[in-house]
Amino acid sequence: MATIRREIHLNADAGRVWEALKDFGAVDTRLVPGFVARCEIDGEVRTVTFANGSVAREELVATDDASRRLVYTIRSERLKHHNASAEVIAEGRGCRFVWTTDILPHEIAPYIGSQMDLGVEAMKRNFG
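In the numbering used here, the protein residues as written are 18 to 145.
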């Protein structure tokens with residue numbers, strides 16, 4: 018299994034970033050505008066359309082307000098396994114955002130990693 022991890026510092030209050038992250042159906046407007054073009058929510062499943070046109074159905078697994086951690090999974094024919102977590106950690110005047118994805122097959126890891134890089138850049142633009 019491939020593990021992809023991205024960790025960045027944001028110049029924004031951890032509470033503000035957490036509120037955007039846990040608003041599962043508003044990822045396109047609150048967390049990563051420009052990276053996610055559209056998001057439709059149906060219960061605990063969101064259908065995300067990315068700026069490059071790809072679409073994913075992401076299912077919410079857990080949110081934990083105490084640790085500011087959210088977990089989601091993607092189920093698709095192309096993926097044997099996908100599990101991702103995102104965590105917001107207060108750090109000085111800003112926060113650290115940690116995004117980890119475990120994925121199979123290994124061959125798709127470079128694509129997922131490049132998408133995560135674009136997501137991180139969108140967060141930096143959004144939160145500083």
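Glycine residues also receive a C-beta, built at the ideal position from the N, C-alpha and C atoms.
- Only residues of its own chain outside the window of five on either side were considered, and among them Lys97 have a CB closer than 7 angstroms to the CB of proline 122, listed in chain order.
- Excluding residues up to 5 positions away in sequence, Arg47 lie with their Cβ nearer than 7 angstroms to the Cβ of aspartate 40 in the same chain.
- Distance between valine 53 and threonine 66, taken at the CA atoms: about 6 angstroms.
- Rounded to the nearest whole angstrom, the CA to CA distance from arginine 113 to aspartate 59 is 29 angstroms.
- Boundaries of the beta strand (DSSP E) around serine 102: 98 to 108.
- Assignment of alanine 29 by DSSP, reduced to helix, strand and coil, places it in the coil class.
- Here proline 122 carries a coil assignment [DSSP, helix/strand/coil].
- Aspartate 81: member of the beta strand (DSSP E) spanning 72 to 81, first to last residue.
- A residue is called buried when at least 16 other Cβ atoms come within 10 angstroms of its Cβ; arginine 95 does not meet this threshold and is exposed.
- Rounded to the nearest angstrom, the gap between the Cα atoms of alanine 68 and alanine 107 is 29 angstroms.
- Aspartate 81 and cysteine 56 have their C-alpha atoms some 22 angstroms from each other.
- By alpha-carbon distance to alanine 19, the top candidate from Glu138, Val137, Met140, Ala126 is Ala126.
- Leucine 38 is not a Cβ neighbour of lysine 141, given a cutoff of 8 angstroms.
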